[in-house]
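No gaps in the numbering here: position 38 of the sequence shown is 38 in UniProt numbering, and each next residue is one more.
Here's the structure, in structure tokens; my notes come after.
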Amino acid sequence: MNNKSQMFFIPWNYERHWMLEIVCAGKIIHLDPWLRHKRPKMTIDLTLQRAYELLGGSNELLGTFPGVTVAACPKQTLGIECGFYVLRYINDIVKALNSFVLIREKFGKMDTYDVETMLLPLQHQWLSKLTRYLY
Numbered sequence: 001m002n003n004k005s006q007m008f009f010i011p012w013n014y015e016r017h018w019m020l021e022i023v024c025a026g027k028i029i030h031l032d033p034w035l036r037h038k039r040p041k042m043t044i045d046l047t048l049q050r051a052y053e054l055l056g057g058s059n060e061l062l063g064t065f066p067g068v069t070v071a072a073c074p075k076q077t078l079g080i081e082c083g084f085y086v087l088r089y090i091n092d093i094v095k096a097l098n099s100f101v102l103i104r105e106k107f108g109k110m111d112t113y114d115v116e117t118m119l120l121p122l123q124h125q126w127l128s129k130l131t132r133y134l135y
């Protein structure tokens, strides 16, 4: 990956809980919306390390495996909205001018997303798109 601003988003579902892995030049960032969730470190790290070995065997595509860094991020409050939090993380990061500053500074200062102003609009947006395909 030779473009420093390029990011690969990997939404990760482990035991019915959504998390987000962000693979970018020289780092992997882990975002988990559940405050008390015990991160499945071995599962995530070993899978990503294996992907690096398979895809970046020559170290030209991805480079060497950098390990996974856990970043502070807004946490869910009800225990059921983890998927929408992961979608919101991706939405916020893609729209940010400097994604790394957003993750480091803004996410680290936010305890949670406001349900009314930040999650419900996203839920309505996804439901409206989804219902077009169901009917």
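We put the beta carbon where it would ideally sit given N, CA and C, even for glycine.
Since the structure is predicted, the reported quantities are computational estimates derived from the model, not experimental observations.
Shown here, His124 sits in a helix according to DSSP, grouped into three states. The Cβ atoms of Leu127 and Ala71 lie no closer than 8 Å to each other.
Under the 10 Å beta carbon count, Leu119 is surrounded by 16 or more other beta carbons and is classified as buried.
Counting every other CB atom within 10 Å of its CB across the protein chains shown gives Tyr85 a total of 16 or more, marking it as buried. Glu105 carries a helical assignment under DSSP once its states are collapsed to helix, strand and coil. Non-local C-beta neighbours of Lys27 in its own chain, meaning closer than 8 Å and more than five positions away in sequence, comprise Pro66 and Thr69, ordered along the chain. Comparing alpha carbon positions, the residue from Asp92, Gly63 and Thr64 closest to Pro74 is Asp92. With a threshold of 16 other beta carbon atoms within 10 Å, Glu81 meets it and is buried. Taking every protein chain shown into account, the CB of Tyr52 has 16 or more other CB atoms within 10 angstroms, so this residue is buried.
Collapsing the DSSP output to three states places Asn98 in coil. Counted as a single uninterrupted DSSP element, the stretch harbouring Met42 is not any beta strand (DSSP E) but the alpha helix (DSSP H) occupying residues Lys41 to Leu55. Counting along the chain, Pro11 sits inside the beta strand (DSSP E) bounded by residues Met7 to Asn13.
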